[in-house]
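Here is the structure we will look at, set down as C-alpha cells.
Chains as they are written, first to last, in the working numbering: chain V, 2 to 115; chain S, 598 to 706.
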C-alpha cells in the first residue's frame with residue numbers, strides 16, 4: 002500500500018532531551034516536507050526537501066533539523082526541545098508533476114514537551 | 598511573506614451547497630490547492646488549480662482567479678461525512694507551501 006509512515010504516533014518528552022521523529026514514504030516521491038499544526042494557525046511548513054541531500058527552510062524552521070540521506074526517509078530532529086514545540090506534526094510527500102501541491106500526509110505525531 | 602484568509606467556520610444542512618473562499622497574498626504564485634481534514638486525522642488532498650477557472654471532482658469543485666488573488670472550494674450535495682476542516686494552500690516562489698488557517702464545516706441533518 003502506498004503510504005507515508007510516521008513514528009511515533011504520540012511522544013511525551015522533557016525539555017532539552019533530543020528526539021527524532023521518523024518519516025518514510027514508499028512511493029518514490031522526490032519532494033518531502035514537515036509541518037506543524039497548532040489550533041487556529043493551520044499547518045505551517047518547517048522544512049522541505051526537493052530531493053536527496055537537498056533541504057530548505059520553510060516558514061518556521063527554528064529549533065528543528067532535518068536530513069535527507071535517502072529518497073524514502075526524511076527524519077525531523079529536535080536537538081533541544083522546548084515546550085513551545087508541543088504540537089501536532091505531519092510529514093508529507095508529493096509526486097513529480099504536481100508542483101509539490103498534491104501532498105500525501107502521514108498520520109501525524111502528537112508531541113508534548115514538558 | 599505569504600498570507601491566506603479563509604472563514605473560520607461555516608454551518609449548513611445536508612444537501613446544501615457551501616462555498617469556502619480563500620484570498621491570498623504571495624510573492625510569486627504557482628497554484629492553489631485544497632485539503633480536507635477530519636478531526637483526529639491527517640489532511641487529504643482534494644484539488645489543485647494552477648490556472649484560472651473551475652476544476653470539478655465529483656461533488657467538490659475548486660475555482661481560481663489569479664488576477665483577483667482569490668479562489669474557492671465548492672461543496673455540493675453536502676453529506677454528514679463532509680463535516681471537517683478545509684484548508685487552502687498556496688505554493689509561492691522557492692517551493693514553500695503556505696496553508697490558510699482552515700475553515701471548519703459543520704453539516705447538520
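Ideal Cβ placement from N, Cα and C applies to all residues, glycine included.
Q) Ends of the beta strand (DSSP E) at residue 39 of chain V? A) Numbered from its first residue, the first chain carries residue 39 of chain V at position 38. Run containing residue 39 of chain V: 32 to 39, per the beta strand (DSSP E) assignment.
**Q.** Cβ-based neighbour list, residue 54 of chain V, same chain, cut-off 8 Å, excluding 5 preceding and 5 following
**A.** Reading the first chain from its first residue, position 53 is the one you call residue 54 of chain V. Same-chain partners within the cutoff: 69, 70.
Q. Going along the chain, which unbroken runs of the alpha helix (DSSP H) with 4 or more residues stay wholly within the segment 602 to 628 of chain S?
A. none
Q: Please go through the same chain and pick out, in chain order, the residues whose beta-carbon is closer than 6 Å to the beta-carbon of residue 677 of chain S, but skip the five residues on each side of it.
A: What you label residue 677 of chain S is simply residue 80 of the second chain in a count that begins at 1. Within the same chain, residue 677 of chain S has close Cβ partners 704.
Q. Going by DSSP, what residues sit across from residue 65 of chain V in a beta bridge?
A. Within the first chain, residue 65 of chain V is the residue found at index 64, counting from 1. Residue 65 of chain V pairs with nothing; no bridge assigned.
Q. What did DSSP end up calling residue 86 of chain V once you bin it into helix, strand or coil?
A. Position 85 of the first chain, counted from the start, is the residue given in the question as residue 86 of chain V. DSSP places residue 86 of chain V in helix when its eight states are reduced to three.
Q. Between residue 603 of chain S and residue 697 of chain S, what straight-line distance do the alpha-carbon atoms span, to the nearest angstrom?
A. Here residue 603 of chain S refers to the residue found at position 6 when the second chain is read from its first residue. Here residue 697 of chain S refers to the residue found at position 100 when the second chain is read from its first residue. Between residue 603 of chain S and residue 697 of chain S, the C-alpha separation is close to 7 Å.
Q: On a CA-only basis, which of S:599, S:675, S:686, S:612 is nearest residue 623 of chain S? Give me that one, please.
A: Counting from 1 along the second chain, the entry for residue 623 of chain S is found at position 26. The candidate whose alpha carbon is nearest that of residue 623 of chain S is S:599.
Q. If you draw a straight line from the alpha carbon of residue 615 of chain S to that of residue 675 of chain S, how long is it in whole angstroms?
A. Here residue 615 of chain S refers to the residue found at position 18 of the second chain. Here residue 675 of chain S refers to the residue found at position 78 of the second chain. Using only the alpha carbons, I get a separation of about 8 Å.
Q) Helix, strand or coil: which one does DSSP assign to residue 690 of chain S? A) Here residue 690 of chain S refers to the residue found at position 93 when the second chain is read from its first residue. Helix at residue 690 of chain S.
Q: Rank V:63, V:30, V:43 by C-alpha distance to the C-alpha of residue 4 of chain V and give the top, closest one.
A: Start at 1 with the first residue of the first chain, and residue 4 of chain V comes out as number 3. Nearest of V:63, V:30, V:43 to residue 4 of chain V, Cα basis: V:30.
Q. Going by DSSP, what residues sit across from residue 642 of chain S in a beta bridge?
A. For this step, residue 642 of chain S is matched to residue 45 along the second chain. BP columns for residue 642 of chain S point to S:632.
Q: Please report the residue range of the beta strand (DSSP E) in which residue 112 of chain V lies.
A: As a first step, residue 112 of chain V must be located in the first chain, where it is residue number 111. Counting along the chain, the beta strand (DSSP E) containing residue 112 of chain V begins and ends at 110 to 114.
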